[in-house]
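Here's the structure, in C-alpha cells; my notes come after.
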Amino acid sequence: MWGRVLARAAVMLVIVLWTMFAAGPFLWVATISLRTTSEFMAAPYALPETWRFDKFATAWTGSGYDTYFTNSILVVFSAVAIVTAVGAMAAHALARYRFPGNRLVYLLIFSTIVLPPQITVIALFQTLAKLGLYDTRVGLTLVYAAVQLPLTVYILESFFARIPADLFDAARIDGYSEWATFWKVAFPVAMPAIATVVILNTILLWNEFLYAVVLIADDARRTLPLGIQKFMGDQLEDYGMIATGLMIAIVPVVLIYAIFSEKLIQGMTAGAVK
Amino acid sequence: MATVTLDRLGKRYAGGGAPAVQDVTFEVAHGEFFVLLGPSGCGKSTTLRMIAGLEAITEGTLAIDGKRMNEVPARDRDIAMVFQSYALYPHMSVYDNMAFGLRRRAMPKAEIDRRVRVAAAILGLEPFLGRRPHALSGGQRQRVAVGRAIVRDPKVFLFDEPLSNLDAALRASTRQELIRLHRRLGATMIYVTHDQVEAMTMGDRICIMDHGRVAQIGAPLDVYRRPATTFVAGFLGSPPMNLLPATVADGRVRLGEATLTLPARVPEGPVTLGVRPEDLVPVPEGPLRGEVVAVEPLGAETILSLRLPGVERELMLRAGRSAPAGLGERIALVAPHDAIHLFDAATGCRLT
Chain A
-16 MWGRVLARAA
-6 VMLVIVLWTM
4 FAAGPFLWVA
14 TISLRTTSEF
24 MAAPYALPET
34 WRFDKFATAW
44 TGSGYDTYFT
54 NSILVVFSAV
64 AIVTAVGAMA
74 AHALARYRFP
84 GNRLVYLLIF
94 STIVLPPQIT
104 VIALFQTLAK
114 LGLYDTRVGL
124 TLVYAAVQLP
134 LTVYILESFF
144 ARIPADLFDA
154 ARIDGYSEWA
164 TFWKVAFPVA
174 MPAIATVVIL
184 NTILLWNEFL
194 YAVVLIADDA
204 RRTLPLGIQK
214 FMGDQLEDYG
224 MIATGLMIAI
234 VPVVLIYAIF
244 SEKLIQGMTA
254 GAVK
Chain B
2 MATVTLDRLG
12 KRYAGGGAPA
22 VQDVTFEVAH
32 GEFFVLLGPS
42 GCGKSTTLRM
52 IAGLEAITEG
62 TLAIDGKRMN
72 EVPARDRDIA
82 MVFQSYALYP
92 HMSVYDNMAF
102 GLRRRAMPKA
112 EIDRRVRVAA
122 AILGLEPFLG
132 RRPHALSGGQ
142 RQRVAVGRAI
152 VRDPKVFLFD
162 EPLSNLDAAL
172 RASTRQELIR
182 LHRRLGATMI
192 YVTHDQVEAM
202 TMGDRICIMD
212 HGRVAQIGAP
222 LDVYRRPATT
232 FVAGFLGSPP
242 MNLLPATVAD
252 GRVRLGEATL
262 TLPARVPEGP
272 VTLGVRPEDL
282 VPVPEGPLRG
292 EVVAVEPLGA
302 ETILSLRLPG
312 VERELMLRAG
322 RSAPAGLGER
332 IALVAPHDAI
342 HLFDAATGCR
352 LT
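The listed protein sequences derive, respectively, from chains A and B.
Heads up, the first sequence is in my numbering, so the first residue is -16 and it goes up one at a time.
Heads up, the second sequence is in my numbering, so the first residue is 2 and it goes up one at a time.
Next comes the structure, spelled out in C-alpha cells:
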C-alpha cells in the first residue's frame, strides 16, 4: 500500500521536475517579452511590473516582424506541403511497388540524412546562385523541402508498408487508377504518419537558421529566426524585443501541434491500419 | 449474370520455379455457384486473382461472356470481389465504403444512395451506415464487404475465403446467409475456400485443385462419392477416406491377409483401395477383421481405428453413438461393392 503511494509520488516528482525544466525557460521568456530590456537587466527573474503588451504591436509593425512572419509562413508552409506530397508519393512507391533498384533508391535517399547541413550549404549556395534562386523565397522553400525529404520518406515508408495490399486490390476492382488510389486510399489511411511528419517538419523548418542566413540576404525576404537575430547586435542585445519576437514566433507551431496532435499520438502509439 | 470460361489458364512467376497454376480449364455457367477448393498453396487464390485481374495471366485465356479478358484491367471486367481480410477502407464510413466503387463510375447520387440502402437492407446493415469499420464486429465487417460487392451489381462475384476470419458459429450462419444471397441475386459466383464444409454446402459445383492443377470438377456429392484421385478422396470427408495399399490378382483384391471380391474389372497389380469410414458396416462374420486400437466418442458418432493383420495403415470406421466394440477387441466388417474404390497405386487415378 505505502509502497504504491511512494512509487506514485516518485513518478509525480519526476514529472513535476521535468515540467519545470521544460516549461520554466518558456515562462521566463514569456515574462521578458512583456518587459523592456532595461527592466530585464535590472532584475532578470522578476515578474513584469507593467505588462507591456504594446511591445507586441511595436515588434509587429515597427521591427518588421510582420514581414518576417509572412516570409516564414510562406516558406515553411510551402516547403512542408511540397515535402509531404513528394515524400508521401515516394514512400508509397517504395513501399508498394516492386521494381529493380527499389532498395537502392531508398538507401540513396535515406543516406543523405548523415550529411550535416554545414557540408552541403556552400554547394547549395552556389547552385541557387547559378539558378537565379539565391536570395529568393522560392529557393529557400525548395532547399527546405529537399533537406527534409529523407526523414519524411523514412518515416512514411515504414507506415505505408504496413497498409494491407488488399486495400489497393479492392480500390483497383472498385475502378480507381493508381494515382486516385494513392490520394483516396493510401494518403488518408496514412494520416497519422502524415500528421507526424507535418508537425516534425514544421517545427524543424520554422526554427531553421543556417540555410536561411546563408541563402537569404535581403531584409524583406528574411524569415523569423533571422529577424530575431537582428536584435542581437555586436555591442547591444535587445533582450526584451528578442523575447517578444520569440513569443510571436511560436504561435504557428503551437497551432499546428494543436491541429495535428491527436493524429500524431495515434501515429506514434498504434498500428492505425487495423 | 455471366459465364466465365477458363481455357488452359496458367500462372508462371518471373524468376522461374514451378508454375503456380497450370492448365486450369472450366466453365462457370450463368448464375452458378462455383467453388474452388484445395489446401493452401494449391493455386486456388491465384486462379481467382487472375479472374479478377489482380494477377497477370501468363498462359491460356480467360473469357467472361465469351469475351477475352486477359488484357482487360480489373476495373473494366465488371466483377466484384470479397477479400478474406474484407479490405474495408478504414477511413470511410460503411456507407462510403459501399458507395466508393459507384462514385468512380460517375453514377448519379440518388442512384448510389438507392443502391447502398437496398444492399444495407438486404444485409441488415442499416443501423451501421455511419460507422467506421473499426467500430464493427467481424461479422458486420464481413457483411459490409459483401455489401460493397452487391451495390456494384457486377456480372461475376468473386469470394476469396470470406469466412475464414469468423468464429465457428458465425461462419455457419454467414454461410447460410451467402447461400440465400446467391439464390436471391441469381448471380454467377466463384468462391475460393480450403474448408470442405463450405464447398460441400454452398457449391453447385466444386473444383478441387492440387499443386496448381485441377484434380476434379463436379457436383459436391458426385465428387464425394466418386473421387477421381486419391488426393481428392483424401481431401474430402472428415475423417477422410481410408486409402490402403492392396493387390489385385485372380479377380480379387488382397488387403493384407483379407481378400475381397472385385467391384469391377481392373488390371492386375498393386492398387490403392479406398473406402469411406461410414461405408464400413460391423457384422458378426465378415471378410475384414481387425483389432480396435483407438475409440473416439464424439457424441453423435464414434470413430474407431482398427488394425488389420498385414496392413500397415490403420483403418478408420465411423459408427453410431455407441461403439460396436471396445478397445483391444476384434471386430469384423463388410463394405458394399459400390463403396469400394480402386486407384492406380502409382498415379493415384481412379480405376473403377
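Glycine is no exception: its CB is placed at the ideal position from the N, C-alpha and C atoms.
Since the structure is predicted, the reported quantities are computational estimates derived from the model, not experimental observations.
Can you confirm whether the stretch 130 to 137 of chain B touches the stretch 153 to 172 of chain B when touching is taken to mean that 3 or more C-beta pairs between the two stretches lie within less than 8 Å? no
With distances taken from CA atoms, which of A:Leu(-4), A:Tyr80, A:Glu245, A:Tyr222 is nearest Pro15 (chain A)? By one-based count along the first sequence, residue 15 (chain A) stands at place 32. Residue identity check: residue 15 (chain A) is Ile in the sequence provided, not Pro. Of the listed residues, the one whose Cα sits closest to Ile15 (chain A) is A:Tyr222.
DSSP three-state assignment for Ala6 (chain A), whether helix, strand or coil: Start at 1 with the first residue of the first sequence, and residue 6 (chain A) comes out as number 23. It is helical.
Checklist line | Per DSSP, the bridge partner or partners of Asn243 (chain B) | finding: Within the second sequence, residue 243 (chain B) is the residue found at index 242, counting from 1. Answer is B:Val276, bridged to Asn243 (chain B).
Report task. Please state whether DSSP places His212 (chain B) in a helix, a strand or coil. Result -> In the second sequence, residue 212 (chain B) corresponds to position 211, counting from 1. Coil at His212 (chain B), not helix or strand.
inquiry  = With a threshold of 8 Å on Cβ separation, who are the neighbours of Ile96 (chain A) within its own chain once the five nearest residues in sequence on each side are excluded?
reply    = The residue you call residue 96 (chain A) lines up with position 113 of the first sequence. The answer, listed in chain order, is Pro133, Leu134, Tyr137.
Exercise. Pull out every residue of the stretch 151 to 173 of chain A whose Cβ sits closer than 7 Å to any Cβ of chain B, in chain order.
Key: Asp152, Ala153, Arg155, Ile156, Asp157, Gly158, Tyr159, Val168, Pro171, Val172
Mind reading off the beta-carbon distance from Gly39 (chain B) to Asp211 (chain B)? Whole number of angstroms is fine, and I expect it under 8 Å.
-> Sequence index remark: in the second sequence, residue 39 (chain B) carries index 38 (1-based). Sequence index remark: in the second sequence, residue 211 (chain B) carries index 210 (1-based). Yes, Gly39 (chain B) and Asp211 (chain B) are in contact; Cβ-Cβ is about 6 Å, under 8 Å.
Can you tell me which residues form a DSSP beta bridge with Leu261 (chain B)? On the second sequence, residue 261 (chain B) is found 260 positions in, with the first residue counted as 1. Leu261 (chain B) pairs with B:Val254.
Close-in-space but distant-in-sequence residues of the same chain around Arg153 (chain B) (CB under 6 Å, 5 per side omitted): Locating residue 153 (chain B) in the second sequence gives position 152, where the first residue counts as 1. Contacts found: Ala81, Gly102.
- Under 9 Å between beta-carbons, which chain A residues line up against His92 (chain B)? List them in chain order, please. Your numbering for residue 92 (chain B) matches position 91 in the second sequence. The answer, in chain order, is Val168, Pro171, Val172, Met174.
Checklist entry - Taking just the CA atoms, how far does Phe170 (chain A) sit from Ala5 (chain A)? => result Position 22 of the first sequence holds residue 5 (chain A). Position 187 of the first sequence holds residue 170 (chain A). Roughly 34 Å separates the two Cα atoms.
Where DSSP assigns a beta bridge to Ser306 (chain B), which residues make up the other side?
Translated into the one-based positions of the second sequence, residue 306 (chain B) becomes position 305. BP columns for Ser306 (chain B) point to B:Ala295, B:Met317.
is_contact[Met82 (chain B), chain A] using C-beta, thresh 8 Å: Taking the first residue of the second sequence as position 1, residue 82 (chain B) is located at position 81. Taking Cβ atoms only, chain A reaches closer than 8 Å to Met82 (chain B), which makes this a yes.
query = Looking at Leu198 (chain A) and Tyr117 (chain A), is the spacing between their C-beta atoms short of 8 Å?
reply = Indexing the first sequence from 1 puts residue 117 (chain A) at position 134. Indexing the first sequence from 1 puts residue 198 (chain A) at position 215. Yes, the Cβ-Cβ distance between Tyr117 (chain A) and Leu198 (chain A) is below 8 Å.
Determine the direct distance from the alpha carbon of Thr189 (chain B) to that of Glu178 (chain B), and round the result to whole angstroms. The residue given as residue 178 (chain B) occupies position 177 in the second sequence. The residue given as residue 189 (chain B) occupies position 188 in the second sequence. Their backbone Cα atoms lie some 16 Å apart in a straight line.
Quiz item: Do three or more CB pairs link the stretch 82 to 93 of chain B to the stretch 151 to 163 of chain A at distances below 8 Å?
Solution: yes
#### Entry: Residue burial classification, Met297 (chain A) (beta-carbon count within 10 angstroms, cutoff 16)
Only positions -16 to 257 of chain A appear in this structure, which leaves residue 297 (chain A) out of reach.
Exercise. Rounded C-beta distance between Leu139 (chain A) and Ala74 (chain A)? I'm assuming under 8 Å.
Worked result: Your numbering for residue 139 (chain A) matches position 156 in the first sequence. Your numbering for residue 74 (chain A) matches position 91 in the first sequence. That belief holds up - the Cβ atoms of Leu139 (chain A) and Ala74 (chain A) are roughly 4 Å apart, short of 8 Å.
Since I believe Leu229 (chain A) is in contact with Val12 (chain A) (beta carbons under 8 Å), could you give me their beta-carbon distance rounded to a whole number of angstroms?
Numbered from 1 along the first sequence, position 29 holds the residue referred to as residue 12 (chain A). Numbered from 1 along the first sequence, position 246 holds the residue referred to as residue 229 (chain A). That belief holds up - the Cβ atoms of Val12 (chain A) and Leu229 (chain A) are roughly 6 Å apart, short of 8 Å.
Q. Which residues in the same chain have their Cβ closer than 6 Å to the Cβ of Ile341 (chain B), if we skip the five residues on either side of it in sequence?
A. Walking along the second sequence from the start, residue 341 (chain B) turns up at place 340. These residues qualify, in order along the chain: Pro264, Val276.
- request: Count the other C-beta atoms from every protein chain shown that fall within 10 angstroms of the C-beta of Glu33 (chain B), then say buried if there are 16 or more, exposed otherwise.
  value: Residue 33 (chain B) sits at position 32 when you count from the first residue of the second sequence. Result: buried.
Worksheet item: Lys188 (chain A) lies in the alpha helix (DSSP H); which residues open and close that run?
Response: By 1-based counting over the first sequence, the position of residue 188 (chain A) is 205. Going by the sequence as given, residue 188 (chain A) is Leu instead of Lys. Where Leu188 (chain A) is concerned, the enclosing alpha helix (DSSP H) stretches over 174 to 189.
Could you check what DSSP says for Val73 (chain B) in three-state terms: helix, strand or coil? Looking up residue 73 (chain B) in the second sequence gives position 72. Correct three-state label for Val73 (chain B): coil.
**Prompt:** What residues in the stretch 140 to 151 of chain A bring their beta carbon closer than 7 Å to a beta carbon of chain B?
**Reply:** Pro147, Asp149, Leu150
Arg13 (chain B) CB to nearest chain A CB: under 8 Å?
Taking the first residue of the second sequence as position 1, residue 13 (chain B) is located at position 12. No, Arg13 (chain B) does not count as interfacial toward chain A.
message = Against chain A, which members of the stretch 163 to 174 of chain B pass a CB distance test of less than 7 Å?
response = none
Exercise for the section: Report the three-state DSSP secondary structure of Phe35 (chain B) (helix, strand or coil). Expected result: Taking the first residue of the second sequence as position 1, residue 35 (chain B) is located at position 34. Of the three classes helix, strand and coil, the one that applies to Phe35 (chain B) here is strand, per DSSP.
Cβ closer than 8 Å: which chain A residues qualify as neighbours of Ser86 (chain B)?
What you label residue 86 (chain B) is simply residue 85 of the second sequence in a count that begins at 1. Under the 8 Å cutoff, chain A gives Pro147, Asp149.
For my contact list, Leu307 (chain B) and Leu318 (chain B) are in at a C-beta cut-off of 8 Å; report their separation, rounded to the angstrom. Within the second sequence, the letter at position 306 stands for residue 307 (chain B). Within the second sequence, the letter at position 317 stands for residue 318 (chain B). Indeed, because the Cβ distance is near 6 Å, the residues count as touching under 8 Å.
task: Could you work out which residue in A:Leu17, A:Phe36, A:Phe60 is closest to Val180 (chain A) when comparing CA atoms only?
output: In the first sequence, residue 180 (chain A) corresponds to position 197, counting from 1. The residue with the shortest Cα to Cα distance from Val180 (chain A) is A:Phe60.
| To which residues of the same chain is Gly254 (chain A) closer than 6 Å at the C-beta, ignoring the five residues directly before and after it? | Indexing the first sequence from 1 puts residue 254 (chain A) at position 271. Because the pLDDT at Gly254 (chain A) is just 39, under 50, the model does not fix this residue reliably, and the point stays unresolved.
Can you tell me whether Ile11 (chain B) is helix, strand or coil according to DSSP? Here residue 11 (chain B) refers to the residue found at position 10 of the second sequence. Contrary to the premise, residue 11 (chain B) reads as Gly rather than Ile in this sequence. Gly11 (chain B): strand per DSSP, three-state reduction.
Is the beta carbon of Val224 (chain B) less than 8 Å from the beta carbon of Leu237 (chain B)? Here residue 224 (chain B) is taken as the residue at index 223 of the second sequence, counted from 1. Here residue 237 (chain B) is taken as the residue at index 236 of the second sequence, counted from 1. A contact, by the Cβ cut-off of 8 Å.
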